[in-house]
Amino acid sequence: MSLQLQVSPHVAVLGSLFLSFVFVASLHIWKLAGYKDLNRDEAGTIQRRFLSAILSCLCSVMLIRALSSTVPEGMPGLSLAELLGLRCAFVTTASVNCVLLTASLFLGPLVQHWFTVSQGESKFLFSVEAGFWVLTRNLILAPITEELVFRACLVRLWVSASFPLRTIIFCSPFCFALAHTHHFIEHVRRTKSKKTALLQVLFQVFYTSLFGIYSNFLLIRTGSLIAVILAHTFCNHQGFPDITFLISSTEWLHEHRKWLGGVYVCGILAFACLAGPLTAGFPSTFVSK
1 MSLQLQVSPH VAVLGSLFLS FVFVASLHIW KLAGYKDLNR DEAGTIQRRF
51 LSAILSCLCS VMLIRALSST VPEGMPGLSL AELLGLRCAF VTTASVNCVL
101 LTASLFLGPL VQHWFTVSQG ESKFLFSVEA GFWVLTRNLI LAPITEELVF
151 RACLVRLWVS ASFPLRTIIF CSPFCFALAH THHFIEHVRR TKSKKTALLQ
201 VLFQVFYTSL FGIYSNFLLI RTGSLIAVIL AHTFCNHQGF PDITFLISST
251 EWLHEHRKWL GGVYVCGILA FACLAGPLTA GFPSTFVSK
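Written out as structure tokens, the structure is:
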């Protein structure tokens with residue numbers, strides 16, 4: 001069945017806010033059933049929130065389907081999977097290129113980790129200490145559900161409203177970023193300080209906005225949601241780079257700050273040079289023909 005999605009800018013923005021609200025509200029709905037979920041890393045909390053995220057994904061896909069109109073046979077249109085970026089050409093190439101591009105940005109942290117492992121200062125698989133359910137959430141559940149809602153569905157709404165591509169890339173991620181402000185309560189509970197919690201949330205909004213911009217860029221350029229999910233997984237595995245060695249003389253890596261800092265710069269330059277070539281030439285359905 002071929003579909004066509006075309007909405008007004010007002011519908012696109014309201015739909016985006018609705019998707020964000022449903023995603024966040026679904027995570028906390030369990031409190032109405034008596035679950036306190038004080039620790040977001042507890043296995044039961046992760047499992048319940050995963051079910052909630054699945055529900056929000058279904059609601060998001062249903063919204064896209066409800067707003068779409070059926071195209072008569074023989075007329076150009078897209079399947080629901082194509083509308084969501086789940087079915088596209090050259091998905092393998094897009095996935096490899098997006099992961100390689102993301103890895104180039106993390107060249108500094110990757111070399112830093114390799115060096116600390118070679119010196120016996122850290123373990124090769126440092127992330128396994130987080131536990132099965134935390135790893136499953138960070139590397140599988142979160143990338144799939146967040147990208148389906150905030151990239152595939154939300155960006156599709158903005159594209160269908162004929163927003164300029166730059167507006168879509170740079171403005172729509174704020175919905176994704178603001179959806180993380182609900183962590184404020186958890187930060188207050190953990191730090192016992194509203195000021196500290198607010199700073200943590202503001203920082204989280206900042207870097208999730210940057211990541212949203214990057215993910216939007218990848219999706220629009222390649223048209224592949226799978227590629228974006230894999231890039232998200234890679235970023236979650238890497239985490240935020242630890243660059244305290246650049247300024248802290250107490251860090252044992254401080255004496256290696258010059259060459260290691262140079263690697264960080266090389267990674268950033270490589271990313272800037274490769275961003276265009278590695279994402280070019282894909283027949284993306286997120287770009288108006």
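Following full-length UniProt numbering, the numbering of the sequence shown begins with 1 at its first residue and continues without gaps.
Ideal Cβ positions, reconstructed from N, Cα and C, are used throughout, including at glycine.
These numbers were taken from a predicted model, which means no experiment stands behind them.
Cutoff 8 Å: residue i Cβ touching any chain D Cβ
{"i": "E73", "result": "Of the chains in the structure shown, none is chain D; there is only one protein chain."}
Proximity winner among the options, relative to residue i (alpha-carbon distances)
{"i": "I140", "options": "Q47, T116 and Q204", "result": "Q47"}
{"i": "F271", "options": "W114, N97, A197 and F245", "result": "N97"}
{"i": "residue 296", "options": "G223, R156, A25 and F50", "result": "Coverage of the chain is limited to positions 1 through 289, which leaves residue 296 absent and any answer about it impossible."}
{"i": "C235", "options": "T45, G120 and L105", "result": "L105"}
{"i": "T222", "options": "V205, S172 and F90", "result": "F90"}
{"i": "A81", "options": "W158, D242, V22 and M1", "result": "M1"}
{"i": "S224", "options": "H28, V99 and R166", "result": "V99"}
{"i": "I268", "options": "S249, P241 and E255", "result": "P241"}
{"i": "C57", "options": "L27, R257 and C266", "result": "L27"}
{"i": "L148", "options": "T181, S122, G261 and R87", "result": "R87"}
{"i": "I220", "options": "R40, S68, R257 and A275", "result": "A275"}
{"i": "F245", "options": "G85, Y264 and T196", "result": "Y264"}
{"i": "T285", "options": "A152, F21 and S172", "result": "A152"}
{"i": "L83", "options": "T92, A66 and T93", "result": "A66"}
{"i": "L78", "options": "H113, Q4 and I169", "result": "Q4"}
{"i": "L19", "options": "P173, D41 and T136", "result": "P173"}
{"i": "C59", "options": "W114, Y35, L135 and T145", "result": "T145"}
{"i": "L178", "options": "L210, L260 and T196", "result": "L210"}
{"i": "T136", "options": "G261, D41, A161 and S160", "result": "D41"}
Euclidean distance between Cα positions of residue i and residue j
{"i": "F124", "j": "L230", "result": "21 Å"}
{"i": "S95", "j": "V228", "result": "7 Å"}
{"i": "F282", "j": "E251", "result": "44 Å"}
{"i": "P143", "j": "F150", "result": "10 Å"}
{"i": "V71", "j": "S52", "result": "32 Å"}
{"i": "V287", "j": "L63", "result": "21 Å"}
{"i": "L110", "j": "G239", "result": "11 Å"}
{"i": "L14", "j": "P76", "result": "27 Å"}
{"i": "A43", "j": "W133", "result": "6 Å"}
{"i": "I247", "j": "W30", "result": "44 Å"}
{"i": "Q200", "j": "L165", "result": "30 Å"}
{"i": "S215", "j": "A280", "result": "15 Å"}
{"i": "L198", "j": "V24", "result": "18 Å"}
{"i": "L218", "j": "I54", "result": "23 Å"}
{"i": "K194", "j": "T116", "result": "35 Å"}
{"i": "P277", "j": "H10", "result": "34 Å"}
{"i": "E186", "j": "N39", "result": "8 Å"}
{"i": "Y207", "j": "E73", "result": "44 Å"}
{"i": "T45", "j": "V205", "result": "22 Å"}
{"i": "T175", "j": "K258", "result": "Contrary to the premise, residue 175 reads as Cys rather than Thr in this sequence. The straight-line gap from Cα to Cα measures roughly 38 Å."}
{"i": "F21", "j": "T102", "result": "29 Å"}
{"i": "S69", "j": "G85", "result": "18 Å"}
{"i": "H113", "j": "Y35", "result": "39 Å"}
{"i": "C266", "j": "G108", "result": "8 Å"}
{"i": "I169", "j": "V159", "result": "10 Å"}
Three-state class that DSSP yields for residue i in the structure shown
{"i": "T102", "result": "helix"}
{"i": "L3", "result": "strand"}
{"i": "T181", "result": "coil"}
{"i": "L78", "result": "strand"}
{"i": "N39", "result": "coil"}
{"i": "S26", "result": "helix"}
{"i": "S172", "result": "coil"}
{"i": "P241", "result": "coil"}
{"i": "E147", "result": "helix"}
{"i": "residue 351", "result": "Residue 351 lies beyond the stretch modelled for the chain, which goes from 1 to 289, so this question has no answer here."}
{"i": "S60", "result": "helix"}
{"i": "T250", "result": "coil"}
{"i": "S162", "result": "coil"}
{"i": "R48", "result": "helix"}
{"i": "K123", "result": "coil"}
{"i": "G34", "result": "coil"}
{"i": "T136", "result": "helix"}
{"i": "F18", "result": "helix"}
{"i": "P109", "result": "helix"}
{"i": "A197", "result": "helix"}
{"i": "T285", "result": "coil"}
{"i": "L154", "result": "helix"}
{"i": "L55", "result": "helix"}
{"i": "A89", "result": "coil"}
Residues that DSSP places opposite residue i in a beta bridge
{"i": "S69", "result": "Q4"}
The ligand HEM heavy atom lying under 7 Å from the CB of residue i
{"i": "H237", "result": "Looking for the ligand HEM in the displayed structure turns up nothing, as the structure carries no ligands at all."}
Counting only runs of 4+ residues fully inside the region 211 to 241, write out the alpha helix (DSSP H) ranges in chain order.
-> 225 to 238
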